[in-house]
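Inspection log for the structure reproduced underneath, given as structure tokens.
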Amino acid sequence: MNGLIHIICGSGKGKTTSAVGCALRAAGSGMSVAFVSLMKDGTSSENEPLKKCGIKLSHCDKHYGFTFEMTDAEKAGQTACHNKLLTEAFELAQQGKADMLVIDEFFCAYECGLLDKALAEKIVFEKPAGVELVLTGHNVEQKFLDAADYITRVENERHPYEKGVPARKGIEF
Numbered sequence: 002m003n004g005l006i007h008i009i010c011g012s013g014k015g016k017t018t019s020a021v022g023c024a025l026r027a028a029g030s031g032m033s034v035a036f037v038s039l040m041k042d043g044t045s046s047e048n049e050p051l052k053k054c055g056i057k058l059s060h061c062d063k064h065y066g067f068t069f070e071m072t073d074a075e076k077a078g079q080t081a082c083h084n085k086l087l088t089e090a091f092e093l094a095q096q097g098k099a100d101m102l103v104i105d106e107f108f109c110a111y112e113c114g115l116l117d118k119a120l121a122e123k124i125v126f127e128k129p130a131g132v133e134l135v136l137t138g139h140n141v142e143q144k145f146l147d148a149a150d151y152i153t154r155v156e157n158e159r160h161p162y163e164k165g166v167p168a169r170k171g172i173e174f
């Protein structure tokens with residue numbers, strides 16, 4: 002099978018949810034799946050069900066907070082963690098141990114400079130031919146859009162956060 006590139010982007014709720022659906026469908030068909038969560042610490046509610054389906058999860062073990070509140074040291078720590086996660090995931094893909102590689106919040110980490118951009122670009126532009134690659138995030142540079150086979154935009158029309166409702170466990174995380 003020739004692996005394709007999926008981009009799920011935009012300002013709306015549902016990017017991660019869509020990527021989780023891709024991962025579950027792939028795992029359900031017998032594919033090996035690696036799911037990397039950038040910008041997150043592993044407390045999102047989708048993690049346990051994904052593990053139960055045999056999906057390999059990776060994330061930073063520390064919550065670094067919102068990018069606009071981070072110190073330079075926290076940014077450096079998160080960047081180092083992201084680079085480690087991306088390197089490990091790319092190695093899995095190169096070794097044939099991941100038929101699908103999902104990188105959640107890829108574009109946020111890229112845009113904020115919280116990863117090695119050369120490594121990130123290598124993952125996209127030099128991925129093994131048979132690996133299905135799913136990337137999520139808000140703002141996507143044109144070079145990634147040009148490389149994509151699927152582009153799905155999730156746009157926000159209304160969100161309870163606008164009325165002061167905080168993120169709810171099991172719904173937003």
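Here the numbering used here is used: position 106 in the sequence shown is 107, and no number is missing along the way. The beta carbon of each residue, even a glycine, is placed where N, CA and C say it ideally should be. In this text, all values refer to a predicted model and were calculated from it rather than measured experimentally.
C-alpha gap between residue i and residue j, whole angstroms
i      : j      : result
Thr17  : Val135 : 10 Å
Asn145 : Glu92  : Note on residue identity: the sequence assigns Phe, not Asn, to residue 145. Those two C-alpha atoms are separated by around 21 Å.
Pro129 : Thr153 : 22 Å
Ser45  : Glu106 : 13 Å
Phe126 : Cys61  : 24 Å
Asn84  : Asn157 : 30 Å
Gly43  : Lys63  : 9 Å
His139 : Cys113 : 11 Å
Asp73  : Ala148 : 32 Å
Glu75  : Tyr65  : 6 Å
Beta-carbon contacts of residue i that lie in its chain and below 7 Å, excluding the five residues immediately before and after
i     : result
Leu25 : Cys54
Met2  : Gly131
Same chain, Cβ closer than 6 Å to residue i, five either side skipped, listed in chain order
i      : result
Asp150 : Leu5, Ile6
Met101 : Ala27, Met32, Val34, Glu133
Phe174 : Ser45, Ala168
Glu47  : Val21
Residue i versus the options, residue with shortest Cα-Cα distance
i     : options                     : result
Phe69 : Leu87, Pro50, Cys109        : Cys109
Met40 : His160, Glu49, Ala77        : Ala77
Ile56 : Ser30, Tyr65, Glu75, Ala121 : Ser30
Any chain B beta carbon closer than 9 Å to residue i
i      : result
His160 : No chain B is part of this structure, which consists of one protein chain only.
For residue i: DSSP bridge partner residues
i      : result
Thr137 : Ile9
Phe36  : Leu58, Val103
Ile152 : Ile8
Cutoff 8 Å; reference residue i; Cβ partners in own chain excluding five residues on either side
i      : result
Ala90  : Ala35, Val37, Ser59, Ala99, Leu102, Ile104, Ile124
Leu120 : Asn84, Leu87, Thr88, Phe91
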